[in-house]
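I have placed the structure first, in the form of structure tokens, so that the comments after it can refer back to it.
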Amino acid sequence: MRDGQWRDLYDLSEAERRLLMRTDWGFVHQNPADGLRMSVSAGANVGERLMAVGGRHYGQIRATATDWLGRVEISADRIDDQPRSFSGGMRQRLQIARNLVTGPRLVFMDEPTGGLDVSVQARLLDLLRGLVGELGLSAIVVTHDLAVARLLSHRMVVMKDGRVIESGLTDRVLDDPREPYTQLLVSSILQV
Amino acid sequence: MYVAVKGGEAAIANAHALLADRRRGDRSLPALGIGQIIEQLGLAVDRAMAEGSLYDRELAALAIIQARGDLIEAIFLVRAFRTTLPRFGYSRPIDTGRMLIERRVSATFKDLPGGQVLGPTFDYTHRLLDPEIASGDDVPAPATRDTVPENAPRVTDLLAHEGLIEPDNPLDNAEDTVGDLTREPLQYPLDRDLRLQALARGDEGFLLALGYSTQRGYARSHPFVGEIRIGEVEVEFDVPELGFAVSLGRIRVTECQMVNQFKGSAKVPPQFTRGYGLVFGQSERKAMSMSLCDRALRARELGEDISAPAQDEEFVISHLDNVQATGFVEHLKLPHYVDFQAELDLVRKMRAEQQEAAE
Amino acid sequence: MSAAPSYNFAYLDEQTKRMIRRAILKAIAIPGYQVPFASREMPMPYGWGTGGVQVTAAIIGANDVLKVIDQGADDTTNAVSIRAFFAKVARVQTTTHTHAASIIQTRHRIPEKPLHAGQVLVYQVPIPEPLRFLEPRETETRKMHALEEYGLMHVKLYEDIARHGHIATTFAYPVKIEGRYVMDPSPTPKFDNPKMHMSPALQLFGAGREMRIYALPPFTEVVSLDFEDHPFEIQHFDQPCALCAATGVYLDEVILDDQGGHMFVCSDTDNCEERRAQGHRGALAGHRLEAGR
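Residue numbers (our numbering), protein chains in the order written: chain W, 1 to 192; chain C, 193 to 551; chain S, 552 to 844.
Below you can see the structure in the form of structure tokens.
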């Protein structure tokens, strides 16, 4: 925690967990509609976390939101538009901005490129890699797409039936898989 | 020129006098008596009692006359009176297994102990307007059976012997007390006891529509009418001073036990589940709708997906009470000019700003 | 049927009154928190002040003097009806004078004249939950209050400013109580919000259909939500009351003809009458005003 204490997540109260959810953690849903408020403007979507932690200056909230839209390559003149009018890739980038605006330390991404077509995926991955490096944040990415895993991650764990069966540096796991299941996974993708 | 709006008191008094006049109607016709309403509009009385949640035919009949036949208004009158009654205690649960049956049908078994009893039903009547009723026809006395009716166990009890249907959960534990929605505020999520209470006094039309929606695929539950029974049951009251229960009298109720398919889960083998309906008086439509809704609202308990309006407890229970609903819908006709004034100013201001921006 | 029904003092039975009083006490102890109570059916419809009527019935005593207003006026039909109800079932003295009343039941307004210690203002509340139109689920809004998650409330205000350049909430403007609970002030115009702050009177809020009671004990801090750079503002009227020339009061617009002619008069009729009795005259006064037909 920010006060330097180690805490067991399962022992946290709901209040503490929810506080983490809007400060130190981010959660990027596979379907952006689950992680955005579709009927409020892009600016408010980004600003919500700021207001949730006490931001009370409209001008500053808006300036921060504009800045973040820029960082995720959404043009500033879309700030008052609702995400309904955004493409899938834009929605996903907006969701990322909404999560990163309070400077979380850990972001959980559930198949962030799942519903997107390949060219949009590449751009989003590029953006994510840049932001993660720039902000020095940790990200846990859940994916079935090994190409995404290789591109984004430093370390990898392979899970089967709800258990971790293998873990290690990404390159090691992908180039030298030890578990039969991992070997099957790696061998069953087309070489890119 | 300007005369401030005043004289509310006189206007109200006049309006109410006019209402009374309209209620009475043409004075050359005889006035309705409470007895006529009870005897000849019995199902209307039953509905006013059920949704008014007060079992008193005479009060319900009076309310119907006073409300000019507007049943929701009559229900409201009954409820408002009910508020003023002090609470002496709670009766023992009624035992519908010991009902004096007037009607009892099962759609799941052709014949069963106690038999099928059609009783006074609209079923199988041809809905042809009958001019003879208008001319005050003579109605012959109905046929009556001579034999003492045999014991009629509930269909769900018959199924329970084989474990084919989930058991009734008896109130074994002392802490399993039944709630009372008229005495404690509802707090979601609700347990089934409070839900059933809310459904029992809920609006018949609302529950009918929701029950119907489950048949059309919005939370389909494959229902069968295990049994509908109508008749009188004894109401008993435990008197601590006496140490035994005394009978307070009999009330007529309609009970519906809906039997529904359930696929089973990891923990529970496939078996039938129940939806339950119990209503004051004779009202099959209400009891059946109630049991469909009850079953739909058990989705959470049974681990089913909640995807349809009828399964949404907060939605259903918050909106099924017609006294609440009619009050709030109709309050829109009360003056709102203070708020409207505020909105008027805002719209003017925003229009002015837009015009400025355009120039 | 038993004999003609006879009713207890102030309609409700004593059991019920005690239950409501317990809820009121809890509400006073936790300012701004919505206390659930087992609301009863009253002889007036839900949405017509049953919550306020139950609160008033639970606190009223034989020596109380009751004033009832609706839209600021003592003579609107619903106010007349509620006043008549208590005159009948509690046989209490009623008044239209703000200063003379010990209990004032109101719908949509707070009297212009400052309230004094010992007075109780009872609000009729249709939707007690300030978060309701942002989040329809009771289970969720209860959690949001418990965890003080009020970010969503500001999202709405943010959207107003982004769209209109200013906050576009004009009534039922949300307030924060003693830095803790966000509360709905009932659909009073935001003009009245400052009057709630540090009021020497006890303020009780009753929502019958929604089964909630909440309260502001005397001298409670009540802050209207806003942004630092878009501070809360109340409505201002360009002209004084056409009858009593009062300024700084809330005015109703009265349509005079079908040519767009209109005038503005005090919403608080008692205040207006008193000013006229003191000799204040507005632009359109001088006509036959103390109407009644």
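Ideal Cβ placement from N, Cα and C applies to all residues, glycine included.
Values in this document were obtained by computation on a predicted structure and should not be read as measured data.
Have a look at residue i and residue j and give me their C-alpha separation to the nearest angstrom.
i: Thr739 (chain S); j: Tyr529 (chain C); result: 11 Å
i: Gln546 (chain C); j: His715 (chain S); result: 9 Å
i: Cys795 (chain S); j: Leu672 (chain S); result: 25 Å
i: Arg660 (chain S); j: Ser632 (chain S); result: 17 Å
i: His648 (chain S); j: Thr627 (chain S); result: 15 Å
i: Pro596 (chain S); j: Ala205 (chain C); result: 18 Å
i: His318 (chain C); j: Phe280 (chain C); result: 47 Å
i: Asp303 (chain C); j: Val309 (chain C); result: 11 Å
i: Asp27 (chain W); j: Leu100 (chain W); result: According to the sequence as given, residue 27 (chain W) is Phe; it is not Asp. So the alpha carbons of these two residues sit roughly 9 Å apart.
i: Thr170 (chain W); j: Ala42 (chain W); result: 35 Å
i: Leu20 (chain W); j: Glu700 (chain S); result: 12 Å
i: Ser298 (chain C); j: Glu447 (chain C); result: 12 Å
i: Leu106 (chain W); j: Ile140 (chain W); result: 8 Å
i: Val445 (chain C); j: Phe472 (chain C); result: 5 Å
i: Ser439 (chain C); j: Leu470 (chain C); result: 20 Å
i: Ala613 (chain S); j: Asp372 (chain C); result: 31 Å
i: Glu265 (chain C); j: Ile256 (chain C); result: 8 Å
i: Tyr194 (chain C); j: Val805 (chain S); result: Model confidence at Tyr194 (chain C) stands at a pLDDT of 44, short of 50, so the residue's coordinates are unreliable; what they give is reported in the following sentence. In a straight line, the C-alpha of Tyr194 (chain C) is about 9 Å away from that of Val805 (chain S).
Following the continuous alpha helix (DSSP H) through residue i, name the residue where it begins and the one where it ends.
i: Met814 (chain S); result: Run containing Met814 (chain S): none in the alpha helix (DSSP H); it sits in the beta strand (DSSP E), 813-817.
i: Trp68 (chain W); result: 58-71
i: Lys302 (chain C); result: Where Lys302 (chain C) is concerned, there is no enclosing alpha helix (DSSP H), given that its DSSP letter is neither H nor E.
i: Ile570 (chain C); result: Outside the shown range of chain C, which is 193 to 551, sits residue 570 (chain C), and nothing can be said about it.
i: Leu310 (chain C); result: Careful: Leu310 (chain C) lies outside any alpha helix (DSSP H) and carries neither H nor E.
i: Gln566 (chain S); result: 565-580
i: Arg249 (chain C); result: 249-258
i: Ile611 (chain S); result: First-last for Ile611 (chain S): undefined, no H or E at that position.
i: Gly89 (chain W); result: 88-100
i: Lys160 (chain W); result: Taken as a continuous stretch (DSSP letters only), Lys160 (chain W) belongs to no alpha helix (DSSP H), being part of the beta strand (DSSP E) at 155-160.
i: Arg387 (chain C); result: 384-392
i: Gln675 (chain S); result: Run containing Gln675 (chain S): none in the alpha helix (DSSP H); it sits in the beta strand (DSSP E), 671-675.
If you follow the beta strand (DSSP E) that residue i is part of, which residue opens it and which one closes it?
i: Arg442 (chain C); result: 436-452
i: Glu699 (chain S); result: Glu699 (chain S) -> no beta strand (DSSP E), and no H or E assigned at all.
i: Thr465 (chain C); result: 465-472
i: Lys478 (chain C); result: Lys478 (chain C) -> not in any beta strand (DSSP E); alpha helix (DSSP H) instead, spanning 476-489.
i: Tyr732 (chain S); result: 732-734
Which of helix, strand or coil does DSSP assign to residue i?
i: Val195 (chain C); result: Residue confidence for Val195 (chain C) is low, a pLDDT of 43 falling below 50, so the modelled location carries little weight and cannot support an answer.
i: Pro662 (chain S); result: coil
i: Asn31 (chain W); result: coil
i: Asp360 (chain C); result: coil
i: Tyr597 (chain S); result: coil
i: Gly168 (chain W); result: strand
i: Pro177 (chain W); result: coil
i: Ala842 (chain S); result: Caution is warranted here: a pLDDT of 40 is assigned to Ala842 (chain S), below 50, making its placement in the model unreliable, and no coordinate value can be reported.
i: Asp213 (chain C); result: helix
i: Met542 (chain C); result: helix
i: His781 (chain S); result: strand
i: Val192 (chain W); result: Because the pLDDT at Val192 (chain W) is just 47, under 50, the model does not fix this residue reliably, and the value given afterwards should be weighed accordingly. Val192 (chain W): coil per DSSP, three-state reduction.
i: Gly716 (chain S); result: coil
i: Ala758 (chain S); result: strand
i: Thr798 (chain S); result: coil
i: Tyr562 (chain S); result: strand
Taking the Cβ atom as the reference point for each residue, do residue i and residue j lie within a distance shorter than 9 Å?
i: Leu767 (chain S); j: Val733 (chain S); result: no
i: Gly394 (chain C); j: Met480 (chain C); result: no
i: Leu382 (chain C); j: Ala390 (chain C); result: yes
i: Glu761 (chain S); j: Ile678 (chain S); result: yes
i: Ile654 (chain S); j: Ile610 (chain S); result: yes
i: Met747 (chain S); j: Phe770 (chain S); result: no
i: Ala608 (chain S); j: Leu666 (chain S); result: no
i: Ile226 (chain C); j: Leu254 (chain C); result: yes
i: Phe560 (chain S); j: Ala641 (chain S); result: yes
At 7 Å on the CB atoms, spell out the chain B contacts of residue i, in chain order.
i: Glu779 (chain S); result: Absent here is chain B; the protein component of the structure consists of chains W, C and S.
Against chain W: residues of the region 672-706 of chain S by CB proximity under 9 Å:
Listed by position along the chain: Lys694, Ala697, Leu698, Glu699, Glu700, Tyr701, Gly702, Leu703, Met704, His705, Val706.
At a Cβ cut of 7 Å, what residues of the region 514-537 of chain C count as close to chain S, listed as they run along the chain?
Val515, Gln516, Thr518, Gly519, Phe520, Glu522, His523, Leu526, Pro527, Tyr529, Val530, Asp531, Gln533, Ala534, Glu535, Leu536, Asp537
Going along the region 761-776 of chain S in order, which residues come within less than 7 Å of chain C, judged by CB to CB distance?
Met762
If you measure beta-carbon to beta-carbon, which residues of the region 375-388 of chain C are closer than 9 Å to chain S?
Arg375, Glu376, Pro377, Leu378, Gln379, Tyr380, Pro381
Please name the residues in the region 707-727 of chain S whose beta-carbon is closer than 9 Å to at least one beta-carbon of chain W, in chain order.
Lys707, Leu708, Tyr709, Glu710, Ile712, Ala713, Arg714
Would you list, in chain order, the members of the region 203-216 of chain C that have their beta-carbon closer than 8 Å to a beta-carbon of chain S?
Ala203, Ile204
What residues from the region 797-823 of chain S come within 8 Å of chain C, judged by C-beta to C-beta, listed N to C?
Tyr801, Leu802, Asp803, Glu804, Val805, Leu807, Met814, Val816, Ser818, Thr820
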